[in-house]
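To start, the structure itself, in C-alpha cells.
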Amino acid sequence: MKFIGNVLWFFTFGCISAALWFLAGIIWCVTIIGIPFGKQCFKIAKFNMWPMGKAVDTYFGASFFGNLLWFILGGFIASLLYWILGLVLRITIILYPFGKQFQKLSKITRAPFASYII
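Counting in our numbering, the final residue of the sequence shown is number 123, and the numbers go up one at a time with none missing.
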C-alpha cells in the first residue's frame with residue numbers, strides 16, 4: 006500500500022515540490038556559506054519524493070543556531086504553508102493521507118538541522 010501511495014504522491018505533489026526544493030538547494034550551494042542550508046534542502050527534496058511509510062523525528066542540540074537562521078530566512082513560511090495545505094487536505098476524506106504527508110513535511114521544514122528521517 007505504501008508503494009501505491011508513494012507513486013500517487015510522486016505524480017501529484019512530490020515531483021513538483023521535490024524539484025523546487027532541489028532548485029533551492031542548488032541556489033544555496035552557490036555560496037560557501039549556504040552549503041549547509043543547501044544540504045538541508047536536498048534532504049527535504051529527498052524526503053518529498055517518497056514520504057509514505059517514513060517518519061520524521063527531531064532532536065534539538067548543537068544545531069540550534071542553524072535552525073534559528075533557517076526559521077527566520079523562510080522556514081517558518083514554508084512550514085506554515087505545508088501545515089495549512091495539510092489541514093485543508095485532511096478535511097477531505099479521499100485526500101486525508103496526502104494531508105498527513107504534508108504535515109510531516111511541515112515538521113521537517115520547521116527545523117531541518119534537527120530532523121532526521123526514520
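Ideal placement from N, C-alpha and C gives every residue a C-beta, glycine not left out. Every value quoted in this text rests on a predicted model; they were computed, and no experiment measured them.
Fully enclosed by the region 70-97, which alpha helix (DSSP H) runs are 4 residues long or longer? At a cut-off of 4 residues, the continuous stretches assigned as alpha helix (DSSP H) that sit fully inside the region 70-97 are 81-96.
Taking C-alpha atoms, which residue in A24, N11, I38, K48 lies nearest to P117? The residue from A24, N11, I38, K48 with its alpha-carbon nearest to that of P117 is K48.
Exposure label - C20; buried when at least 16 CB within 10 Å: The residue in question, C20, is exposed, as its Cβ has fewer than 16 Cβ neighbours within 10 Å.
If you follow the alpha helix (DSSP H) that Y5 is part of, which residue opens it and which one closes it? Examination of residue 5 is not possible in this model, given that the chain is present from 6 through 123 alone.
Taking DSSP as the reference, what is the three-state secondary structure of I9? DSSP, reduced to helix, strand and coil, places I9 within a helical segment of the structure shown.
First through last residue of the alpha helix (DSSP H) which encompasses I99: No alpha helix (DSSP H) holds I99; DSSP gives it neither H nor E.
Look up S120 in the DSSP assignment and give the residues it is bridged to. Under DSSP, the beta-bridge partners assigned to S120 are T63.
Please check the pair G104 and L92, which I expect to be a contact at CB under 8 Å, by giving their CB distance rounded to whole angstroms. Sure, about 7 Å apart at Cβ, within 8 Å.
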